[in-house]
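To start, the structure itself, in C-alpha cells.
Numbering (our numbering), first residue to last: 1053 to 2215.
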C-alpha cells in the first residue's frame, strides 16, 4: 500500500529497471526465483473523470478560477452573518455558472468515455493454450501473441513475429499517428518469420528485451533472443520491427506479433500530449480589469463602513428610539462588529464583479469558433478540406498578430515535386520527352530508339532508383501475397499499373523521373530490390539501410550487386555529402548545385562507395554491434554511419522544383500592409530559400538584402552583426531583408541576442535557412519574450514545425502532404496559405472587436448596476438597506441583460468583410490590444459611473421631495424608487449596446427589444401575483403601481434620453470631424451596397460616364485610388494596391485581394 501511494505521488516509479523483459506467449522461466514484472493493462483512458471523482474534481477545477472562488466566499459570508441580501442572490448565479460549465465538461467527458469503451471493447484474436481465442482489446497482456488481419488496426504495440509472406514482412500505414499515407514495410527476424501457424507459435521459445515505454514514435531499441535446439540466437530489434498501436495493416492477409507495450504505455497513448495552456491578450486584460474592480469594491466597502461609524457617533443615529439595540448587540466586540459590517457591505456591492462574464466569454468563444469552419472562403474544394478550430480560446488573438513565422516547403509551396535538372559527372542534363539531354543539346533522336547512356549516367540513375524508401502499390494489391515469386508482377502487369508511395515527395519525384528515363524501380521483397534498366531486369540484395536523420541530413543503402560486389549509395544535402567526397567532379557539381538553388530548385547530391570484401566485413561487424547495443544505441550508430559514409565518389546532383501555392504573393503583401512582419524559417539551403522568397514576394527586388551566413565564431558573428546594424543606419533604403543560416543563428542566440534582435527589428523581412526544428522554436521564443512582447503566429505543415507551432501565441497547421502532426498540434488548421489572409484580416478583426466590446460592456453595466446601491447608502444612514429586490439582483446578469451582448459578440461587424480583406491597413487600427487599452477601459468605467449617477439622482429629483406621484395621492415607497432606478437602468444599458451595434440582424432586434419586453412582462407577473413559496413579497403590486403613474413614464423617458443623448452627439461629432480609417471604410461599405450594380471599376471614368458616375467618383475619392481631375487621373509609377479595370469589384465575401498596378492607359 505504501509503495502504491509513493508511486501515485511520483516518488517511486513503477519501472525500476531501464529495460523490460517480455516472455513471448508468457512462457516464464520455471525456476522459483523469477518474479514477473508488472505491466499496464491494455485499456485506453482518455477521459478526465470517473463517476466517483467527477463532482469533487470538477468543483476543484472550477473554484481555481478567481471569480468563482470570490463568489463562493461571498455566498458563505451571506450564510454565516446577517447580510442585507439573501444568499440566493449570490448562490443562484454561482450555481448557474458552475452547473452550466459542469454539464458541458461532463458531456465532453462522457463522449470520451464512450469512445474509450468502443476501443477497449473491440474484438481481437490472441494465441492462448495452443489455440486462437477471441477476446476484447482491454484483455491483452504484455507477452500475448496477437493476430491482426488485413485492414485492421493494431490493438497494442507489437513486435512483428511473422506474416503470411514467406519473407516475414508486412506493409502498414501510420496515417492516424503521423498522417503519412505511404505504405511502410516492417520486418520480422528470420528465426520467427517461419512460425506462420498457431502450433508453431505455441512452441516458440523467445524473449524480447527492450527499453521502457517512451513517446518517440520513431525510436525503439531492443533485442530478441530465440532458443532453437538448446542454442540461443540474439537478433537486434528497431523501429522497423515494431508495429504501433493505431497503425493499420495493408496489403498483407495477416500477421502475428507479441505485445510489448499495452494501454497507456503504448506510444500512441504517450503522445496524448497536454499542450501548454495558451492565454490570449484579452484574457490577461480581463484579469487586470477584474483586479481593478476588486479594488473599487473594497474601497466602497471600507468607505461605507467608516462612514457608517462616523454617522453613528451621534447618539440619535446610533440608537434611535424606534430601533433600540438588544443587550447582545450592546455587549458585542467593536472589532467583530466592524468586520461584520465590512463583510455586509462587501456582499451588498459584490455584483460589481461580473460572475457571468466568464460564462458569456466561454459561450462566445465556443459558438463563435463555428464561423471559421462554416466559412466557404476557407474551404478547399480540391482536397475537400475546411478550416478547423482545435482551440476556441484564442479566437481574438487572430486579430492581434504582429509577427508571422512560416515554413517554406508545403506551406508557401505545394510540396508537389517535379524533376527539372540534374548534374552527372560535371555535366548538366535536363529531361526532354523522357530522355536525359545534356545542356545546350536538343532531343533529335527518333521516337522509340533506346537512348545511349554512358557508365556514369547509368550508375547515377541506378543510385537514384535504389537509394530510397519508396513503396509500390499495384492495381491488384494482393498480387504479392502468397509464397510465389515476389517479382511475378513484373511479368503480369505493365509499369502503368505501378504507383509509387514515399514519405518524402522528393524521393517519389526522383524515382518516377528515373523510371521515365529508363531505369525503373519495380519492387522490393525482403532483402531483394529489383530495377529494370531499359527492360533488362537486375536484382540487388539489400544488405543495410542507413536511415535518414536530421543531424546527418543524408540516407544510404548498402547493396550487393548482381556481380557480387558490395556498394554504398548515398544521397542528401550538399553540405552533408560534398565534405566527405574524395573523387568525382566536385567543384563543377558544387557550381551546378548553386545554379539549381538560384532557380529555386530543391537540390540533393548523390554519391557512392565501393567496398572490398575485407572493408565490407568490418562495416557489417560495426553496424551489427551498434544495432544490437541496448545502451547508447543512437550514439554508436552515428559513429558507425560516420565511419561508413566517407571516402565517397561523387556521382552528381538533382534539381527538383516545388511549385508555389496559389496567391502566396498577394497574401504576404496583404500581411505586410496590415503591419505584420513575415519571417520564413526553412531547412532548405540558402540559395533555394532566397530564390523562393523573391518569387513569393517575401523579398522584393528593390530590397537591400543583408546576410549573416557561415559564421564560425562568436567574435566573427558579433562583428558581422555590428556591420549590419551600421549598414541599416547608414543606408537610406526604405526596406531591408535579412538572411540567416542555422549555424550563424546558433552563435547569434548564444551571446548576442540583443544585437541580433536590433538588426531583425529594423528589417521588414527575415529569412532563416538551414534551420533545425528546435531552432525554429527558439527564434519564435526570442521574439515572444522580447521587451515589446509582440503577439506571434507560426504556420507550418510538417512534424518539423510542431515545436514552432506550439511555441507561438497562435499555431496554425497546414493540411499538406507531410502528414497531420502539425494540424493535430495546432490551434487552427487551414488547407492553404492564402486562407491566412482572411483568417487574420477578417475573422481576427471580428473576433477581437466583439470580445473587446463584450468585456468593456460587462464592466460598464455592472458599474451602472451597483453604483446606485452605493449612493443609496448615503440616504439610508449606511444601514445596508438594499435598493433592489433580491430577485432583480439575481436576474440582472442572468436574464435581463445577458442575451443582447451575447448576440452582439457573435454577429457584430464594424466593416464589411470584403472591405476588410481589400484594405489590410484596417488591421492596424486594432493592433496592440488598442480596444482594451487603459484609456478605453477608463472611458467605459467613467461612463458607467456617470450613467449610474443620472439613474439615481434623476429618480431622486423626481421623487425626493414629493412621493405622491399617483393621481389619487397615494405615496411611493423605497421599493418603488429602487424599481424605477432598475427599470431606467435595464432600458439604458440595453439601448447603449444598440447604439454600439453596427451590424443588425433579426436576432439582434429580437434579443434587444425582447429583453426589455421580457423585463416588463416578468416584473408584472412577479409583482402582480401573490407567490405562495415566497416568505415576504415586498414587490407586490409595486411595478403595476409604478407604471400607472404618468410622471414615472415621463421620468423613465427623460433619464434614458439624458444618458444616451451625449453618446449620440459624441459619435456624430467624432465621425464627422475626426473619423478613423475604420469609420471611413464603414461609409465606403455602406455606399457599396447601393453602388455595386453600376460601378464597374474604381478607376476614373473618361468617356461615356454613366448615370452613376458621381457616385463612382465619390467611391474613388473614399478609397483614395484616384485624383479628382476633369480629364485624367495620375497613375503612380510604383505598383500600388488597387483594383484593375478588368476585374469586378465583388460584393460578396469570396474574393482574395488583388494586386495590380493602375495603368495610365486605363484611366
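Note that the Cβ used here is the ideal one computed from N, Cα and C, for glycine as well. Since we're looking at a predicted model, the values are computed, not measured.
Counted within 10 angstroms of its Cβ, other Cβ atoms place residue i as buried (16 or more) or exposed
| i | result |
| --- | --- |
| residue 1581 | buried |
| residue 1994 | exposed |
| residue 1714 | exposed |
| residue 1576 | buried |
| residue 1908 | buried |
| residue 1937 | buried |
| residue 1822 | buried |
| residue 1072 | buried |
| residue 1928 | exposed |
| residue 1273 | buried |
| residue 1901 | buried |
| residue 1945 | buried |
| residue 1685 | buried |
| residue 1280 | exposed |
| residue 1338 | buried |
| residue 1101 | buried |
| residue 1859 | buried |
| residue 1389 | exposed |
Same chain, Cβ closer than 8 Å to residue i, five either side skipped, listed in chain order
| i | result |
| --- | --- |
| residue 1723 | 1456, 1730, 1888, 1889, 1892 and 1972 |
| residue 1959 | 2051, 2053, 2055 and 2056 |
| residue 1425 | 1438, 1439, 1440 and 1441 |
| residue 2009 | none |
Same chain, Cβ closer than 7 Å to residue i, neighbours up to 5 away in sequence not counted
| i | result |
| --- | --- |
| residue 1216 | 1248, 1304, 1305, 1306 and 1533 |
| residue 1643 | none |
| residue 1069 | none |
| residue 1704 | 1474, 1475, 1476, 1477, 1512, 1641 and 1658 |
| residue 1628 | 1604, 1605 and 1606 |
| residue 1814 | 1780 and 1788 |
| residue 1978 | 1451, 1897, 1900 and 1901 |
| residue 1599 | 1607 |
| residue 1140 | 1938 and 1942 |
| residue 1345 | 1404, 1405 and 1911 |
Neighbourhood of residue i by C-beta, 6 Å cutoff - its chain only, sequence neighbours within 5 removed
| i | result |
| --- | --- |
| residue 1865 | 1874, 1875, 1878 and 1881 |
| residue 1910 | 1406 and 1409 |
| residue 1437 | 1867 and 1883 |
| residue 1735 | 1823 |
| residue 1923 | 2004 |
| residue 1947 | none |
| residue 1186 | 1175 and 1177 |
| residue 1610 | 1595, 1596 and 1620 |
Whole-number beta carbon distance between residue j and residue i, since they are thought to touch under 8 Å
| i | j | result |
| --- | --- | --- |
| residue 1213 | residue 1192 | In fact, because the Cβ distance is near 15 Å, the residues do not count as touching under 8 Å. |
| residue 1569 | residue 1487 | 7 Å |
| residue 1558 | residue 1472 | With a Cβ gap of about 12 Å, residue 1558 and residue 1472 do not count as contacting. |
| residue 1096 | residue 1171 | 5 Å |
| residue 1748 | residue 1716 | 5 Å |
For residue i: DSSP bridge partner residues
| i | result |
| --- | --- |
| residue 1432 | 1437 |
| residue 1474 | 1481 and 1706 |
| residue 1820 | 1733 and 1792 |
| residue 1295 | 1210 |
| residue 1308 | 1199 and 1214 |
Closer than 7 Å: residue i CB and nearest the ligand PLP heavy atom
| i | result |
| --- | --- |
| residue 2133 | Absence of the ligand PLP is noted for the structure shown, with no ligands found whatsoever. |
Subject >> Any beta strand (DSSP E) of 3 or more consecutive residues that is wholly inside the region 1831-1872 >> reply: 1844-1848 and 1862-1866
**OP:** Kindly provide the ranges of any alpha helix (DSSP H) runs that are 4 or more residues long and lie completely inside the region 2018-2078, ordered along the chain.
**Re:** 2026-2048 and 2054-2076
Original post:
Mind pulling the beta strand (DSSP E) runs of 3 or more residues that sit fully within the region 1633-1706?
Top reply: 1633-1635 and 1653-1663
Original post:
What are the uninterrupted segments assigned as alpha helix (DSSP H) that are 4 or more residues long and contained completely in the region 1928-1952, given in chain order?
Top reply: 1938-1943
**OP:** Please list the segments of the beta strand (DSSP E) lying wholly inside the region 1134-1184, counting only runs of 3 or more residues, in order along the chain.
**Re:** 1175-1180
Subject >> Segments assigned beta strand (DSSP E), at least 3 residues, entirely inside the region 1569-1634 >> reply: Segments of the beta strand (DSSP E) lying fully in the region 1569-1634: 1571-1577, 1580-1585, 1588-1598, 1606-1612 and 1618-1624.
Subject >> Whole runs of the alpha helix (DSSP H) within the region 1941-2008, excluding any shorter than 4 residues >> reply: 1950-1959 and 1965-1970
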